[in-house]
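Novice:
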Amino acid sequence: MIAKYKQKTIPQLKAIAARHFHKFIRERDKKKPCISCGKYGALQAGHYYSAGQYPSLRFSELNVHGQCLQCNYFKHGNLINYTHNIVDRIGALEFGELKLKADLSKRDRFKWDRFFLIEIIEKYKELNKK
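So for the sequence shown, the working numbering puts the first residue at 44; every next one is plus one.
#1: Considering only the beta carbon of each residue, do Phe67 and Asn171 sit closer than 8 Å?
#2: I'd like to know whether the C-beta atoms of Arg69 and His108 end up nearer to each other than 8 Å.
#3: Is it buried or exposed, Tyr116, if we count other Cβ atoms within 10 angstroms and call 16 or more buried?
#4: Mind reading off the beta-carbon distance from Ser79 to Tyr48? Whole number of angstroms is fine, and I expect it under 8 Å.
#5: Beta strand (DSSP E) containing Gly89: first to last residue?
#6: What three-state label does DSSP hand Gln55 in the structure shown?
#7: Go ahead and pull the three-state DSSP assignment for His63.
#8: Threshold first: 4 residues or longer. Then list the alpha helix (DSSP H) segments lying entirely within the stretch 122 to 149, N to C.
Put into structure tokens, the structure is as follows:
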């Protein structure tokens, strides 16, 4: 399994992982409204804690929810409304854990690991088949 990824660079692996993960999020949330505005329609995978500033949370299912293009892209996540709705969606305890992980990740230098990315790819590729 790992051999087929041997020639892939870290950025390539990250892109493949994101593709499979985002597909999973869209499928998981397809019957739910946009986490920010509540409208139904085509969803993107919107990160509560941005993937750029919090790379360790990029592939966290608690951190990523279905979000419409308007909120995710044009309103830069529409975080005020996202904040109001994420607690209802995942629960206060899980939101507290997510916030703690975000606080801790700000202190650590993050480095992408090939094997972690391959695990993400394989996990979400398999989940997307179901």
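Here a beta-carbon is modelled for each residue, glycine too, at the ideal position from N, C-alpha and C. Everything numeric in this text was worked out from a predicted model, so none of it was measured.
Specialist: From the atom records:
#1: yes
#2: no
#3: exposed
#4: Rounded, the Cβ-Cβ distance is 35 Å, inconsistent with contact.
#5: 87 to 90
#6: helix
#7: helix
#8: 122 to 133
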